[in-house]
Structure formats: C-alpha cells, structure tokens
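Just so you know, the sequences run in chain order A and B.
Going by this note's numbering, the first sequence opens with residue 435, and the numbers climb by one from there.
Going by this note's numbering, the second sequence opens with residue 1119, and the numbers climb by one from there.
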Amino acid sequence: MTSASPLEDDTPIVYVVDDDASIRAAIEDLLASVGLRVAAFGSPQEFLQHPLEDAPGCLVLDVRMPGQSGMDFHRQMIQLGIEVPVVFITGHGDIAMGVEAMKNGAIEFLTKPFRDQSLLDAIHHGIDQDRERRRRAARAAELRARWESLTSGEQDVTRLVVQGLLNKQVAAQLNISEITVKVRRRHAMRKMQASSLAEWVRIAAELGIR
Amino acid sequence: MSLFLIRSLSPLRLALNITLIGAIMVAILVADTRTDYEVAAAVFYTVVILAVSRSLQRRWLIAFSAVCISLTVLSFALTPHGHFYMGLVNTGISIASIILTTFLILKMEAARTAAHEAQAQLMRIARVKSLEGLTASIAHEVNQPLAAIVTSGNACQRWLAQDPPNLDRARQALARILDDAGRASSIIARVRSLAQGAPPDRTAFDFNQAVMEVITQSQAEIDRHGIALEMDLRTDLPPAFADRVQIQQVIGNLVLNAIEAMVAVTTRARIMRITSNLEDATISLSVADSGTGVPAGVQGHLFDAFWTTKPEGIGIGLSISRTIIEANGGQIRAEPIATHGAVFRFTVPYVTQGKTT
C-alpha cells in the first residue's frame, strides 16, 4: 500500500462471552493486566446486541452456556458473516468437540483452567489474523473503488491490455483509434495507481479481471 | 425340593399342585389305556408339560417328558382293543408332540432368560451413565470457580509484576480469588450432604427473610437479564419449620430456572413473580416466570433425575429440589399458566404453638 491506513492505529479489542460472572471478571482482569481492551458479555445474545467495534478483535467464547451453546453460536456467527476470530474455552473439552471447533475455523480450544500464556497467545494470534483480514478487506475495497473510478471505455481497454493484447489489437477489437487506446491506457494506469504494466496486470489479477 | 422347583411355593400349595398334576396324569393314562387304539388321549400329556414347564428346571422338564413318553408307551402296550396299526401311528404322534412341546418350551425359556439378562445389563448401563452425568455436572460446577481462581491468580501476578506494582488491582484479584474459593468449597459441601443423604436440620425461621436473602444474591443476575421482579410476600406468616439452607437452595434453583427460561424471550416482558402465602396449613412459595414455559407432555418428567429440556443441562436441579422439599415435609409441583411461562410452587410446614404442622 502506498499510504499508511488509519486501520493500523486502531487498538485491538477482546470480546469475552461466558455465562459465569467469576470467569468473566477473571479473564477481563487478566487481559486488562496486559493492557488489552475488553468487552465482556454474559450470553451470545448480549454480544450480538452490542455493536462490533471497527477495530481488530478476538472473541473468547465459553462452550457450555444455558440456552445457546458456544459451538452453536460459532456456527450462527459464520452464517451472520461475523468474522471475528474465536478462541473457545470449556470446562470439559472432548476431542470431538475440539476437532469440530477447529474445523469451523476457531483459533484455539482451551480447557479450563488454562495457562494464562496459552490464552494470551491465542488471543494475540486471533488479533493478528483479524488485523490481516481487515487489511486485505480494506485493500480489496480500495482497489474496487479505483476500478469503479474508471470510465467504461477505460475498463474495456484495461481488460484487453492485461490479457497481453497490443495497442493495435485493442484498437481493432474495440473499434477505436490507436491514439484513443493510448490515452485511455494512460488514464486507466494513473487511476489504478499502477506505475508499470506489470503492476497494472497484478492489480487486475487481484480484482479478478481477465 | 428346592432343587426341583424354581418357584418357592408354600408346602400346602406345592402338595396340592403335585396331587393335581398326578391325578391328571393318571386320568390320561387310564383314558389312553381304556380307549381304543384309534383314540390318542396321550396327546394331552403336552398340556401337563406346558402346565409344569414354568416350575421345572431344564433337566427336570426333560425327565418329566421322558416319563410322559414312557406312560404313552405303557398305555399302548396295555390297551386291549382297536386297530393295532392305528395305535402305533397315534402313539407315534403323541410321542412326537410331547418331544416337540418340550423342545419349544426349552427354546422359549432360553430366549426369556437372554431377554432378562439383556434388560438387567441395560439397567446397569443406565445407572452408570446417569452417575457419569452427575459426576460430570459436579466436576463442571467445581471446575468453574477453580478456573476463575487460576485466571485471577495469573492476573494478580501480572499486576504485581508491573513497575510500579498495581497493588489496588492485585488486591481486587485476591478478593475475587477468596470469593471463588468459598464458592468451590460450598459446592463440595453441598455435594457431600447430598451424597450422604443428610437428614434436614430443621429449625424455626422467618420464611420471607430467607426468601429475600436468596433474591438479594440473585439480584445482579435478574437485573442483567432485564427481568422485572414482582414480590408479593405475605407479612403475617408464622415461622417456617424446615432446614433453612436447604430451602434456600430450592428457592435459588427455582429462581435460576425462571431466569434461564426467560433468556430466550425477546418479544414480551420478562417478569418474575414471587409469592409467599398460607395454604392448607402450610407456608407456600410460588415462582412464576414469563419464559418459554413447560412443553406439553413433559410435565410428568419434570422432577425426574437426569431429565432435562436444556441442551446443556444435566437434569438434577428439580429432582434434588423435590428430594429436599419432601425430606422437609413439604410438596413441590409445577403449574402451567394459560398465557405463557411456568409456575413452580412448594410448601413447607410452619410452627404452631411450639409444635409443627
């Protein structure tokens, strides 16, 4: 990226969902002691009612809760498109449960009582993963915006050029003059912030244009 | 005789039965001998074999069948008139049916024994399984505060390791550790008293005050779920006579159930109504909620051990509640309400002029 994204300055946030108030308070305090920001909830519903922050995050989720279990909620999150990485904590983890959680994309599956460092490592891993996901999403949005700023004529030229066609061939296919192709090419490259043909092709590939 | 007969009968009944069977057999023998060869009276031995089959062990039943066959042959030899060839065939049929009947009875008994053993094994498994569930539930209950203690301990260490140490936060963590340790040990004490089936320690106490103590403990949980609490405690109640702590456990359990039943409710107000009253010479307490209610058809199971509608539940709360209430001389029951939600009501005896009701 050419400029520093404001995203990178955001302090991460850790969400904790556990029905047990003692566990909640203890985890909150542990995370506070290492300087992490925490928002704790007694149930998945409470978590859903709370707006997600625009910051890299990680969710520490208890498996065994009255009402909806943590495993069920994780599945619901996937359906709802909530992409916050999940670290499971459970009182009695069996292997099958752990395998299923990991298959669904959980960062870690920790059995209570857990080593504090294990939890912190998992949370940091989750935050890093979320930060990377957010960076990729921001980059994709940025490229998409650049692409949208092109006129349809410039988009047409771009599609053909990145396929490896020469200006003459592009002009013939689009039924326009070679001069026009050159002008649109220059405009398109500037708008796409591509300094070379190679970079232009790479950006087009990232956008899925062929 | 004890070897001969499986079922223990009184000596008189035994003698009567043996006499009756003997008489029938003599009658068949006489009929078979006196009638012509053409009449196969010996087939009726199968009826006698069927009649005695439940009382006889395997080898004695075989011996008895052998006796019947011998008697059939004897009758054949003694019968004076009729078509000899027909007699031979009829005797053959009689003997065949006696053997077949005996064989079928033996087969049936074997199947019955196998089924019985399978059932016994199933019940053993069920008992072990429910014990597993109970153990898992207790382990979970104790593990929660222990896990909180470990995490709080870690946090405390980290507050102290800071430069300068954050003594205030460390002190708060320690306070939580002490609370959780107390919680863990009270769970263990409760499990122990449960396991020992400790008789209730019944004393006279102010019922409403005991109720209020439980409510105070649960207040945070009630508020957190946005539940409106309505209290209607009758002020002129006589002192209750029961195990105060046990009764409070039951109240706590009912309140917790009510809260859990309303967690999923979003479309209507969450209301918990707690009412104490005098009812049929007992003190009654009812806990009503506007939750999901009791599904039709499960009413009969509500108080069964290890029976639950909660996906993560173990199903011992109401079962233990009933054990406690009954041990204290009261009753507990669930009452559905017309609109939605559920009402649980229990009764306990009260003190009247130095005596209990």
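Beta carbons are placed, not taken as given, at the ideal position from N, Cα and C, and that holds for glycine.
All values reported here derive from a predicted model rather than from experimental measurement.
Excluding five sequence neighbours on each side, which residues of the same chain lie with their C-beta closer than 6 angstroms to the C-beta of Leu493 (chain A)? Tyr449, Val518 and Val520
Exposed or buried, which one is Gly642 (chain A) when buried takes at least 16 other CB atoms within 10 Å? exposed
Which one of B:Thr1385, B:Ala1233 and B:Asn1272 has the shortest CA to CA distance from Ser552 (chain A)? B:Asn1272
How about Ser1212 (chain B) and Val1161 (chain B): do their beta carbons lie closer than 9 angstroms? yes
For the alpha helix (DSSP H) that contains Glu1348 (chain B), what are its first and last residues? Here Glu1348 (chain B) belongs to no alpha helix (DSSP H); instead the beta strand (DSSP E) covers Ala1346 to Leu1351.
In chain A, what lies closer than 9 angstroms to His1258 (chain B) by C-beta? Arg498, Gly525 and His526
Return the CA-CA distance between Ile1432 (chain B) and Ile1256 (chain B), expressed in angstroms with no decimal places. With a pLDDT of 49 at Ile1432 (chain B), under the threshold of 50, the modelled position of that residue is not reliable, and the figure given next carries that caveat. The straight-line gap from Cα to Cα measures roughly 10 angstroms.
With distances taken from CA atoms, which of A:Gln589, A:Asp528, A:Gly469 and A:Ile637 is nearest Ala574 (chain A)? A:Ile637
I'd like to confirm the pairing. Which residues does DSSP put opposite Thr1321 (chain B) in its beta bridges? B:Ala1360
What number of angstroms, rounded off, separates the C-alpha of Leu631 (chain A) from the C-alpha of His621 (chain A)? 13 angstroms
What number of angstroms, rounded off, separates the C-alpha of Ala460 (chain A) from the C-alpha of Ile1267 (chain B)? 8 angstroms
Three or more C-beta pairs closer than 8 angstroms, one from the stretch 1454-1471 of chain B and one from the stretch 1333-1351 of chain B: is that the case here? no
Beta carbon proximity, Ala1307 (chain B) to chain A, threshold 9 angstroms: no
Would DSSP call Asp1407 (chain B) helix, strand or coil? strand
Give a yes or no on contact between the stretch 1189-1203 of chain B and the stretch 1136-1156 of chain B, applying the rule of three or more CB pairs nearer than 8 angstroms. yes
Cβ shell of Gly1408 (chain B) (< 7 angstroms), same chain only, five flanking positions each side left out: Strictly speaking, residue 1408 (chain B) in this sequence is Ser, with Gly absent from that position. These residues qualify, in order along the chain: Met1380, Val1383, Arg1386, Ala1387, Arg1388, Ile1389, His1458 and Gly1459.
Looking only at its chain, what residues have a beta carbon closer than 7 angstroms to the beta carbon of Gly1411 (chain B), apart from the 5 residues adjacent to it on each side? Pro1454, His1458, Gly1459 and Ala1460
Using the DSSP secondary-structure output, state which residues sit across from Glu1453 (chain B) in a beta bridge. B:Val1461
Kindly indicate the opening and closing residues of the alpha helix (DSSP H) around Thr1393 (chain B). Segment Ile1389 to Glu1397 is the beta strand (DSSP E) holding Thr1393 (chain B); no alpha helix (DSSP H) there.
Can the beta-carbon of Asp452 (chain A) be found less than 9 angstroms from the beta-carbon of Ile561 (chain A)? no
List the residues of chain B whose Cβ lies closer than 8 angstroms to the Cβ of Val468 (chain A), in chain order. Arg1276
From what residue to what residue does the alpha helix (DSSP H) around Thr445 (chain A) run? Neither: Thr445 (chain A) is in no alpha helix (DSSP H) and is coded neither H nor E.
Euclidean distance between Cα positions of Ile1136 (chain B) and Ser1188 (chain B): 19 angstroms
Chain B partners of Asp555 (chain A), CB-CB under 8 angstroms? Ordered by position in chain B, no residue passes the 8 angstroms Cβ test against Asp555 (chain A), which lies about 13 angstroms from the chain.
Quick check: Gly1210 (chain B) and Val1157 (chain B), are their CB atoms within less than 9 angstroms of each other? no
Looking only at its own chain, which residues have a Cβ that is under 6 angstroms from the Cβ of Leu1278 (chain B), when we skip the five neighbours before and after it? Ala1288
By the criterion of Cβ-Cβ separation under 9 angstroms, what are the contact partners of Lys625 (chain A) in chain B? Here the premise fails: no neighbours, minimum Cβ distance about 48 angstroms.
Please classify Arg1131 (chain B): is it buried, with 16 or more other beta-carbons within 10 angstroms of its beta-carbon, or exposed? exposed
Comparing the C-beta of His1234 (chain B) with each C-beta of chain A, is any distance below 9 angstroms? no
Spatial neighbours of Leu464 (chain A) in its chain, beta-carbon cut-off 7 angstroms, leaving aside the 5 residues before and after: Asp550
Do we get a CB-CB distance below 9 angstroms when we pair Val1268 (chain B) with the residues of chain A? yes
Go through its chain and collect everything with a Cβ distance to Ala718 (chain A)'s Cβ below 7 angstroms, but skip five positions before and after it. Here chain A covers residues 435 to 644 and nothing more, so residue 718 (chain A) does not appear.
For Ser1402 (chain B), which beta-bridge partners are listed by DSSP? B:Asn1395 and B:Thr1465
Using a Cβ cut-off of 9 angstroms (strictly closer), state whether Leu1264 (chain B) contacts chain A. yes
Assigned secondary structure, Phe522 (chain A) (DSSP; H/G/I helix, E/B strand, else coil): strand
Can you list, in chain order, the residues of the stretch 1336-1355 of chain B whose Cβ is nearer than 9 angstroms to any Cβ on chain A? Ala1338, Glu1339, Arg1342 and His1343
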